[in-house]
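Presented below is the structure to which this report refers.
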Amino acid sequence: MTRIAVNGAAGRMGRAVIEAASARDDFDVVVGFHVDDVDDIQGVPIFHADDLADGLAEHEPQVVIDFTVPESTLALADACVDAGVGMVVGTTGFDSGGMASLRSASQDVPVLKATNFSRGIQVLLRTIGEAVSALPDYDLELMETHHNQKIDAPSGTANTILETIQEERDVEPVYGREGHAPRQEDEIGVFARRAGDIRGEHELVLAGNDEVVSLSHRAEDRGVFAAGALDAATWLAGKDPEWYSFGEVIDDT
Ligand code: NAD
35 MTRIAVNGAA GRMGRAVIEA ASARDDFDVV VGFHVDDVDD IQGVPIFHAD
85 DLADGLAEHE PQVVIDFTVP ESTLALADAC VDAGVGMVVG TTGFDSGGMA
135 SLRSASQDVP VLKATNFSRG IQVLLRTIGE AVSALPDYDL ELMETHHNQK
185 IDAPSGTANT ILETIQEERD VEPVYGREGH APRQEDEIGV FARRAGDIRG
235 EHELVLAGND EVVSLSHRAE DRGVFAAGAL DAATWLAGKD PEWYSFGEVI
285 DDT
């Protein structure tokens, strides 16, 4: 039984995590945190985000799962370091200073951060690395689509795809095109669409040599991210302080 807490408990992903954990018998969601006053969600006691230390001390989770905003994640990191609690971070949109702060927390507690907790995306990332390496002269274009409430653009997953490509090839991202904008040889167009309640779609197109390869992924329900975050929490509980990736969870489970 893994004792978890959920930060951003009343958000879209927070609720999905609580729902997914409730349907399994290997998790105990002992506490949640939220910015607005909420008494409980599906029987889980909710503390205000200002009372992180109290909630962690009173309910003693092994791991906190966080899907919020960077500012909240960083406040949580301070509280987790003080309380000795591990972190599974799904929040995206950190600047370089935020990433540095989060990484420094991993010197004191185990931290696992992923821009996407779907297993399919992890496989896609590996496939993309292989395809870009095998087709070095092909033009690359990256598209992502998310729901109309998403704050950061391009998505954290699109940025991870871009980093994966840049490990293989020196490409410069161009974020959308307008006006006189002929394609340069070493550029990759990156496009973010926002509409409706789309859970998350990513597509990389590789084109050249009279052919087009399209590698894509579509999340059909937030449950896929919740399931991955829960798997990560079980895997992380009891680990030494370090910076971990979801790829390591996939390799092990
Ligand atoms: P959301 O807006 O529905 O939920 C975020 C919640 O965090 C909100 O309810 C907000 O009130 C709450 N919040 C804000 N400040 C807080 C604070 N200080 N303390 C506690 N809660 C606070 O958004 P969402 O769709 O659930 O997404 C949240 C984050 O997770 C985003 O960064 C998104 O990109 C990311 N995300 C990641 C994955 C993944 O697999 N890694 C999947 C989906 C979403």
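Counting from 35, one number per residue, gives the positions in the sequence shown under our numbering. Note that beta-carbon positions come from the ideal geometry of N, C-alpha and C, so glycine has one too. No experiment lies behind these values; they were computed from the predicted model shown.
Can you confirm whether the stretch 167 to 178 touches the stretch 223 to 239 when touching is taken to mean that 3 or more C-beta pairs between the two stretches lie within less than 8 Å?
yes
Reference Val224; option with closest CA among Arg233, Asn243, Val246 and Thr194:
Thr194
Would you tell me roughly how many angstroms separate the C-alpha atoms of Ile222 and Val208, rounded to the nearest one?
For Ile222 and Val208, the distance between alpha carbons rounds to 6 Å.
Does the beta-carbon of Arg252 have 16 or more other beta-carbons within 10 angstroms, so that it is buried, or is it exposed?
Arg252 is exposed by the Cβ-count criterion.
Taking three-plus beta-carbon pairs below 8 Å as touching, is the stretch 131 to 145 in contact with the stretch 66 to 82?
Per the Cβ contact rule, the stretch 131 to 145 is not in contact with the stretch 66 to 82 (fewer than 3 Cβ pairs under 8 Å).
Buried or exposed: which applies to Val157, given that a residue is buried once 16 or more other Cβ atoms fall within 10 Å of its Cβ?
exposed
Are the Cβ atoms of Gly120 and Gln141 separated by less than 8 Å?
no
Are Val122 and Ala261 touching if we call contact CB-CB under 8 Å?
no
Residue range of the beta strand (DSSP E) that includes Ile38:
In the DSSP assignment, Ile38 falls within the beta strand (DSSP E) that extends over Thr36 to Asn41.
Does the count of Cβ pairs from the stretch 63 to 74 and the stretch 39 to 50 closer than 8 Å reach three?
yes
Rounded C-alpha distance that separates Arg203 from Met35
43 Å
Who are Gly132's beta bridge partners in DSSP?
Gly132 pairs with nothing; no bridge assigned.
From Ser167 to Arg217, what distance separates their C-alpha atoms?
Spanning the two alpha carbons is a distance of roughly 21 Å.
Out of Asn150, Lys147 and Glu201, which one is the CA nearest neighbour of Pro170?
Glu201
Helix, strand or coil: which one does DSSP assign to Asp74?
Asp74: strand per DSSP, three-state reduction.
The ligand NAD and Gln183: does any heavy atom of the ligand fall closer than 7 Å to the residue's C-beta?
yes
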